[in-house]
Amino acid sequence: PSTDGETWGQSWQKLPVAPGSEPAPSPDPARVRALKRRSDRLHGVWEADLFHLFAVGGPPGERPYNPKMWLCVECHQQIVMGMQALEPWRSPQELQQAFLTLLEEATSLPQEIRVAKSEVKKLVAPVGQALGVRVVERRRLKAIEAMRNSLESFMNR
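Residue numbers (the numbering used here): 40 to 196.
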């Protein structure tokens, strides 16, 4: 219901905040400090993307949805450094926290993270800045594309 008691089915209502216009969240300082202490040397180049997975998910008996998926791939060796599926309604803060979790689970941190979408850069850049990791926007992410193609072909078997 809206502030005047009407439901979405009764009248046209505008979203309170336009999607994508939220300010970039700030990463959790304690988690950033822990990552900095753990990783004294940055090396390698990762590609990172957040996209809607083509598979349908959700608990049985509830409305199905297409999850959002974080995927991080080391560029040169094309090794998956981390991946995590999330509900599509997660907030930008929660999406950024999930990205931090991927970094925490990795054996090392990259010196550069490449992204292809401005909305992904908005989530990753504050983390990169806090860790001293360059975040670069590219037109294409070849390693991500290769892994997504591989993932799609595996799931379509």
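Yeah, the Cβ is synthetic: ideal placement off N, Cα and C, and Gly gets one too.
These figures come from a predicted structure and were not determined experimentally.
| Item | Value |
| --- | --- |
| For A124, which of helix, strand or coil comes out of DSSP? | strand |
| Can you tell me which residues form a DSSP beta bridge with C114? | DSSP, once it has assigned bridges, lists no residue as partnering C114. |
| From what residue to what residue does the alpha helix (DSSP H) around L73 run? | The sequence given here has Ala at residue 73, not Leu. Per DSSP, A73 belongs to the alpha helix (DSSP H) from 68-77. |
| Do you know whose CA, among L170, L190, E176, lies nearest R153's CA? | E176 |
| Under a three-way DSSP split, which group does E101 fall into? | coil |
| Write down every uninterrupted run of the beta strand (DSSP E) in the region 147-177 whose length is 3 residues or greater and which is fully enclosed by it, in chain order. | 151-154, 173-176 |
| Check each candidate in A145, R178, G97 and name the one with the smallest Cα separation from K160. | R178 |
| Suppose the cutoff is 8 Å on Cβ atoms and the five residues either side in sequence are ignored; what does the same chain contact list for P106 look like? | H91, L92, A94, G96, A124, L125, E126, P127 |
| Can you look up L92 in the DSSP assignment and give me helix, strand or coil? | coil |
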